[in-house]
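Undergrad: Just so you know, the protein sequences line up as chains P and H, in that order. Take 7 as the starting number for the first sequence in the working numbering and just add one per residue. Take 7 as the starting number for the second sequence in the working numbering and just add one per residue. Heads up, the beta-carbon is just placed ideally off N, CA and C, and yes, glycines get one too. Everything numeric in this text was worked out from a predicted model, so none of it was measured. The structure that follows is given in the form of structure tokens.
2 protein chains.
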Amino acid sequence: MFSKACEYGIKASIFIALNSYHGKRVSLKAIAKEVASPEAFTAKILQDLVRHDIINSVKGAHGGFEIEKNDISSIKLEHIVRAIDGDKIYSGCGLGLQTCDENHPCPVHDKFVDIRNGLKQMLETTNLEELALDIKSGISFLKT
Amino acid sequence: MFSKACEYGIKASIFIALNSYHGKRVSLKAIAKEVASPEAFTAKILQDLVRHDIINSVKGAHGGFEIEKNDISSIKLEHIVRAIDGDKIYSGCGLGLQTCDENHPCPVHDKFVDIRNGLKQMLETTNLEELALDIKSGISFLKT
DNA sequence: TGTATTTCGGATAGTTTTATCCTATTTATA
DNA sequence: TATAAATAGGATAAAACTATCCGAAATACA
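And the structure:
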């Protein structure tokens with residue numbers, strides 16, 4: 007469903023949010039360890055998220071990544087997915103037709119639209135705060 | 007959502023079904039043209055579908071691909087997707103966790119399960135006959 | 001100021017997916 | 001039987017995705 011890059015990006019963002027909530031900045035190394043992702047690859051993804059203004063980075067000693075406390079609840083999964091995977095999930099026909107709409111639908115257009123709208127809805131309404139809180143309270147997990 | 011291979015496989019199967027409905031066998035060349043897919047790559051995918059007993063092939067002059075008329079309505083999209091992409095869509099965690107279930111869920115487990123169940127439901131209930139009939143009546147299209 | 005720490009960014013490598021090419025094999029028909 | 005038409009299948013190439021490496025730049029702190 008999501009690319010590996012996107013999976014890592016989402017998990018990393020949750021972990022950063024969780025720590026930023028307590029005013030703690032986290033390093034790449036700590037992130038990669040906590041979300042079980044390859045460090046160098048994760049670095050690339052975080053750079054991407056920084057460029058898209060979803061997370062902040064601080065270089066140098068005691069540097070690391072963080073998220074503006076006030077932003078945590080307004081960052082939706084959608085923003086992360088768009089930053090990393092682009093519009094792929096949103097646009098485009100389920101069967102790869104160049105133009106696929108009500109007037110010229112592919113064979114599964116209607117059925118596919120329903121499912122994608124569900125995914126869209128989910129990504130647009132799920133924010134980092136709720137996901138981070140679930141981790142904090144031990145309801146959900148970032149690895150294993 | 008689906009791999010290219012899967013997209014081509016579904017469209018090809020619909021086109022074959024459409025023709026088998028009228029007792030017409032179709033060639034690889036005709037299929038690739040009608041579904042706008044690369045010929046050689048499509049050949050590999052069709053071989054796969056033949057091996058999985060979803061479509062039949064006939065070698066030699068006047069050969070081609072066909073589907074048992076009686077099977078057209080019982081072949082679900084699920085069968086095609088499974089043959090080509092395997093269990094990928096069904097199994098596995100949305101965020102790539104090795105174990106992700108009710109007891110040890112990833113942060114998006116519940117939300118993800120809902121969406122995947124929708125997809126699953128769609129693939130399990132959609133059969134080749136209805137899709138082929140929509141093409142036949144000009145309601146939907148296989149290319150462009 | 002020097003050093004350790006840490007992100008940034010370019011280059012490169014490995015893996016999977018997508019796509020092509022060529023030969024072998026099978027079959028209908030003249 | 002010879003020939004043309006098709007699929008089968010192995011080898012290979014191209015592209016995309018995943019992953020690693022290393023030097024540069026920035027920063028805190030002794």
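Would you mind giving the Cβ-Cβ distance between isoleucine 16(H) and leucine 55(H), rounded to the nearest angstrom? I have them listed as a contact below 8 Å.
TA: If you number the second sequence from 1, residue 16(H) lands on position 10. If you number the second sequence from 1, residue 55(H) lands on position 49. Not confirmed; about 10 Å, so no contact.
Undergrad: Looking only at its own chain, which residues have a Cβ that is under 8 Å from the Cβ of isoleucine 141(P), when we skip the five neighbours before and after it?
TA: On the first sequence, residue 141(P) is found 135 positions in, with the first residue counted as 1. For isoleucine 141(P), where only same-chain residues beyond five positions count, the Cβ hits under 8 Å are Ile20, Phe21, Leu24, Phe147 and Leu148.
Undergrad: What is the C-beta distance between isoleucine 81(H) and asparagine 133(H), in whole angstroms, given that I count them as a contact (C-beta under 8 Å)?
TA: Position 75 of the second sequence, counting from 1, holds the residue named residue 81(H). Position 127 of the second sequence, counting from 1, holds the residue named residue 133(H). Contact flag correct, Cβ pair sits at about 6 Å.
Undergrad: Listing by chain order, which chain P residues have their CB less than 7 Å from the CB of isoleucine 16(H)?
TA: Here residue 16(H) refers to the residue found at position 10 when the second sequence is read from its first residue. By Cβ distance, chain P contributes Leu101.
Undergrad: Could you tell me the alpha carbon to alpha carbon distance between glycine 100(P) and cysteine 106(P), rounded to whole angstroms?
TA: Start at 1 with the first residue of the first sequence, and residue 100(P) comes out as number 94. Start at 1 with the first residue of the first sequence, and residue 106(P) comes out as number 100. So the alpha carbons of these two residues sit roughly 9 Å apart.
Undergrad: With 16 other CB atoms within 10 Å as the buried threshold, where does glycine 102(H) fall?
TA: Mapped onto the second sequence, residue 102(H) falls at position 96. Burial call: buried.
Undergrad: Could you name the residues that DSSP lists as bridge partners for lysine 82(H)?
TA: The count along the second sequence starts at 1 and reaches residue 82(H) at position 76. Its beta-bridge partners are Asn133(H).
Undergrad: Kindly give me the distance between the Cβ atoms of isoleucine 61(H) and isoleucine 73(H), rounded to whole angstroms, as I take these residues to be in contact under 8 Å.
TA: Sequence index remark: in the second sequence, residue 61(H) carries index 55 (1-based). Sequence index remark: in the second sequence, residue 73(H) carries index 67 (1-based). Confirmed, about 5 Å.
Undergrad: For glutamate 13(H), return the contacting residues in chain P, with the cut-off set at a CB-CB distance below 8 Å.
TA: Numbered from 1 along the second sequence, position 7 holds the residue referred to as residue 13(H). In chain order: Gly100, Leu101 and Gly102.
Undergrad: Would you decide whether glutamate 108(P) is buried or exposed? Buried here means 16 or more other CB atoms lie within 10 Å of its CB.
TA: Residue mapping note: residue 108(P) aligns to position 102 of the first sequence, counting from 1. Result: exposed.
Undergrad: Which residues, taken in chain order from the segment 73-93 of chain H, show a beta carbon closer than 8 Å to some beta carbon of chain P?
TA: For the segment 73-93 of chain H, which is checked against every Cβ of chain P, the residues closer than 8 Å are Leu83.
Undergrad: Could you name the residues that DSSP lists as bridge partners for aspartate 107(P)?
TA: As a position in the first sequence, residue 107(P) is number 101, starting the count at 1. Answer by DSSP bridge pairing, in chain order: His110(P).
Undergrad: Run down chain H in chain order and give the residues with a C-beta less than 8 Å from the C-beta of isoleucine 20(P).
TA: Here residue 20(P) is taken as the residue at index 14 of the first sequence, counted from 1. Chain H residues near isoleucine 20(P): Pro113.
Undergrad: Does any residue of chain P bring its CB to less than 8 Å from the CB of glycine 124(H)?
TA: The residue you call residue 124(H) lines up with position 118 of the second sequence. Interface residue, yes.
Undergrad: Compare the beta carbon distance of histidine 58(H) and alanine 89(H) with 8 Å and say whether it is the shorter of the two.
TA: On the second sequence, residue 58(H) is found 52 positions in, with the first residue counted as 1. On the second sequence, residue 89(H) is found 83 positions in, with the first residue counted as 1. Contact flag set, yes.
Undergrad: What does the alpha-carbon distance come out to for the pair lysine 75(P) and alanine 67(P)?
TA: For this step, residue 75(P) is matched to residue 69 along the first sequence. For this step, residue 67(P) is matched to residue 61 along the first sequence. Rounded to the nearest angstrom, the two C-alpha atoms are 22 Å apart.
Undergrad: Just the C-alpha distance for phenylalanine 174(H) and isoleucine 78(P), rounded to the nearest angstrom, thanks.
TA: Because chain H spans 7 through 150 in this model, residue 174(H) falls outside it and cannot be assessed.
Undergrad: I'd like the span of the beta strand (DSSP E) that includes glycine 15(H), first residue to last.
TA: By 1-based counting over the second sequence, the position of residue 15(H) is 9. Unbroken run through glycine 15(H) is the alpha helix (DSSP H), 10-26; no beta strand (DSSP E).
Undergrad: By the three-class DSSP mapping on this structure, what secondary structure does glycine 70(H) have?
TA: As a working mapping, residue 70(H) is identified with position 64 in the second sequence. Strand at glycine 70(H).
Undergrad: Closest by CA to serine 63(H), which one among Asp120(H), Lys30(H) and Lys94(H)?
TA: Residue mapping note: residue 63(H) aligns to position 57 of the second sequence, counting from 1. If we check each option's Cα against that of serine 63(H), Lys30(H) comes out closest.
Undergrad: Would you call the CB atoms of leucine 83(P) and leucine 129(P) closer than 8 Å?
TA: The residue you call residue 83(P) lines up with position 77 of the first sequence. The residue you call residue 129(P) lines up with position 123 of the first sequence. Contact: yes.
Undergrad: Indicate whether leucine 137(P) and isoleucine 95(P) have their beta-carbon atoms separated by less than 8 Å.
TA: Taking the first sequence and counting its residues from 1, one reaches residue 137(P) at position 131. Taking the first sequence and counting its residues from 1, one reaches residue 95(P) at position 89. No, these two residues do not count as a Cβ contact at 8 Å.
Undergrad: For aspartate 60(P), go through chain H and note every residue whose CB falls closer than 9 Å to its CB, in chain order.
TA: Translated into positions along the first sequence, residue 60(P) becomes position 54. The sequence as given places isoleucine at residue 60(P); aspartate does not occur at that position. Within chain H, no residue comes near isoleucine 60(P); the closest Cβ sits about 16 Å away, beyond 9 Å.
Undergrad: Shorter than 8 Å from the beta carbon of serine 97(H) to some beta carbon of chain P?
TA: Locating residue 97(H) in the second sequence gives position 91, counting from the first residue. No, serine 97(H) lies away from the interface with chain P (no Cβ there is under 8 Å from its Cβ).
Undergrad: With DSSP as the reference, identify every bridge partner of valine 64(P), one or two as the case may be.
TA: As a working mapping, residue 64(P) is identified with position 58 in the first sequence. Paired residues: Gly70(P).
Undergrad: How big is the Cα-Cα spacing for proline 44(H) and aspartate 91(H)?
TA: The count along the second sequence starts at 1 and reaches residue 44(H) at position 38. The count along the second sequence starts at 1 and reaches residue 91(H) at position 85. About 18 Å.
Undergrad: For threonine 132(P), return the contacting residues in chain H, with the cut-off set at a CB-CB distance below 8 Å.
TA: Your numbering for residue 132(P) matches position 126 in the first sequence. Ordered by position in chain H, the residues that pass the 8 Å Cβ test against threonine 132(P) are Val114 and Lys117.
Undergrad: Assuming tyrosine 14(H) and valine 41(H) form a contact by the criterion Cβ under 8 Å, report the distance between their Cβ atoms to the nearest whole angstrom.
TA: Walking along the second sequence from the start, residue 14(H) turns up at place 8. Walking along the second sequence from the start, residue 41(H) turns up at place 35. With 8 Å as the limit, tyrosine 14(H) and valine 41(H) qualify as a contact, their Cβ atoms being about 7 Å apart.
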